[in-house]
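In my numbering, the protein residues as written are 8 to 161.
Note sheet for the following structure.
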């Protein structure tokens, strides 16, 4: 039986893991050749290949957690993710989830006033609160899972 975390932040972390599991399920159907294949020679550094998409997903995941770590005075990490192989990408997704969970540990039940009332500006100029950055992290994974599904359907 699934164990659910307590509180609003716990619910969001549970959903983040669920979204990531769906992404990893899609990745599991991809061959190594397809993972590394250039799919759009004119694409940006973020969507030129499935490998590039996953590099972006993992890097962004660390970035979202680091916004919260900075708020709470927790040391931040910017690990060089080894995403050259499909297995490496899968391992890195698990690592970013663990990093995010560690970031939130002991804060699962923060009040709505605490999560909504604490704001910060992200690198793309938008002001977020704690709940919004976690929602953004979840939807980011969902968007790229969909992107991979579309690539595989071609």
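Glycine residues also receive a C-beta, built at the ideal position from the N, C-alpha and C atoms.
In this structure, the straight-line span from the alpha carbon of residue 125 to that of residue 154 is close to 32 Å. Taking 8 Å as the cut-off, the beta carbon of residue 17 is found no closer than this to the beta carbon of residue 122. Look at the region 56-100 and you find these whole runs of alpha helix (DSSP H), each 4 residues long or longer: 57-79. A straight-line Cα-Cα distance of about 11 Å links residue 106 and residue 86.
Collapsing the DSSP output to three states places residue 128 in a strand. In the DSSP annotation of this structure, the continuous segment of the beta strand (DSSP E) that includes residue 134 starts and ends at 134-136. By the neighbour-count definition (other C-beta atoms within 10 Å, threshold 16), residue 56 is a buried residue.
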